[in-house]
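Residue numbers 661 to 884, in my numbering, belong to the letters of the sequence shown in order. By construction, the Cβ of each residue, glycine as well, lies at the ideal position given by its N, Cα and C atoms. Note that the coordinates shown come from a computational prediction; the quantities given were computed from them, not determined experimentally. Structure, as structure tokens:
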Amino acid sequence: MTTILTIYVNILQKLLDAGSVVEMHTIIEQETPAENEVETKSTMIDLEDTSLRIQSKIEVDEEQKVFANGQGIDDIDDILFELSLRQPGTDLALFCQYVTELADAGHIVQVKIDEQEVRVLEVELANNEKLRVLYISIEDAEQPLAVERNLDTDVADQFYHMSEELDYSTHFYVLYNKVEADFRLYPPDFDQEAEDAVELYERIFLPRMQASRDYDEVPGLIYH
């Protein structure tokens, strides 16, 4: 039986197959003193010491252990994946499709826009050799949208933003989010062992995302 993790790894492999650059960084938690001298945890990434470019293969075995370049990954939750284009060499349309698919599936996809890290909802090609990104602020992404307080407001206009100025050199960062991915794929009280995750994802979830876009909707709006 496949799982949410299988789906996540499969999308990363599709990005590799499309000629994308996929690197992984280990997230390191360090104890840092706050202003009041009380120690609090902060997360940092040491790009020099913990980076590894995946050359051609990332996979998950039957025991749900992830391997990249044949090397086992102890905890996928501690890995930040960095995604970027290679010019020439990357299929641009597929790159956008799979980054969007990661966001649709509930994983945390972020990019820097105007010096601010934001949560990505969709990526597509713009007409000016740029990337068009639909995004939400991280603050808004982490709390539910109180629609009843905004009945006279276009929700998309107020809470979601569009940028068409991202160069092909832009790097996207992805974190595995099992809790959100479970919530998006499985109905309430669903027995996850009763059906194969990949089969359910391809048969129900992906068509649901496409149907939403066919009606000019943003699938991310369903969950915020």
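Quick one: Cα of residue i to Cα of residue j, how far?
i	j	result
D764	I773	20 Å
D814	L881	Low per-residue confidence applies at D814: pLDDT is 46, beneath 50, and the placement is therefore not dependable, though the value from the model is reported in the following sentence. Rounded to whole angstroms, D814 to L881 spans 12 Å at the Cα level.
K838	N788	36 Å
Q747	E784	16 Å
L712	N670	18 Å
D735	A871	34 Å
K674	Y758	7 Å
L835	L740	5 Å
R809	M822	With a pLDDT of 40 at R809, under the threshold of 50, the modelled position of this residue cannot be trusted, and the question is left open.
F727	A786	34 Å
S797	E761	19 Å
S716	V769	21 Å
Q731	E719	10 Å
Y820	Y833	19 Å
Q852	C756	29 Å
N729	P867	32 Å
E775	P848	38 Å
V778	E877	20 Å
A816	E799	With a pLDDT of only 45 at A816, under the threshold of 50, the placement of this residue in the model should not be trusted, and no figure is reported.
L672	I733	14 Å
Y875	E683	35 Å
R863	F850	16 Å
Note down, in chain order, each residue of its chain lying with its Cβ closer than 6 Å to the Cβ of residue i, except the 5 sequence neighbours on either side.
i	result
T710	H685, T686
E840	G766
M869	D764, P879
R844	G766
F865	L845
E824	A786, K790, R792
E855	none
Below 8 Å on the Cβ atoms is my contact criterion, and I expect residue i with residue j to pass it. Report the Cβ-Cβ distance as a whole number of Å.
i	j	result
I714	L676	6 Å
L743	Y828	Actually they do not touch by this definition, with Cβ atoms about 12 Å apart.
L826	V780	Actually they do not touch by this definition, with Cβ atoms about 10 Å apart.
Residue i: which of the options sits nearest, CA to CA?
i	options	result
K790	H831, V720, E683	H831
P879	P748, E853, Y795	Y795
D721	L665, L835, V780, S797	L665
G749	I667, E775, V681, I768	V681
R873	E683, R863, E782, E799	E782
I667	D842, E777, F850, P847	D842
Q724	D849, Y875, A857	A857
To which residues of the same chain is residue i closer than 7 Å at the C-beta, ignoring the five residues directly before and after it?
i	result
D751	A678, G679
D737	Y836
Y616	In the structure as shown, the chain starts at 661 and stops at 884, and residue 616 therefore has no counterpart that could be examined.
Here's a check: name, in chain order, each residue in its chain whose Cβ is nearer than 8 Å to the Cβ of residue i, leaving out the five neighbours to either side.
i	result
E859	T662
V771	E777, V778, V780, V793, Y795, L826, T830, H831, F832, Y833
Sequence ranges, alpha helix (DSSP H) only - wholly within the segment 718-794, length at least 4 = Listed in chain order, the complete alpha helix (DSSP H) runs (minimum 4 residues) inside the segment 718-794 are 752-764.
request  = Just list the alpha helix (DSSP H) runs in the segment 828-882, keeping only unbroken ones of 4 residues or longer that don't cross its boundaries, in chain order.
outcome  = DSSP runs (the alpha helix (DSSP H)) wholly in the segment 828-882: 838-845, 857-860, 866-874.
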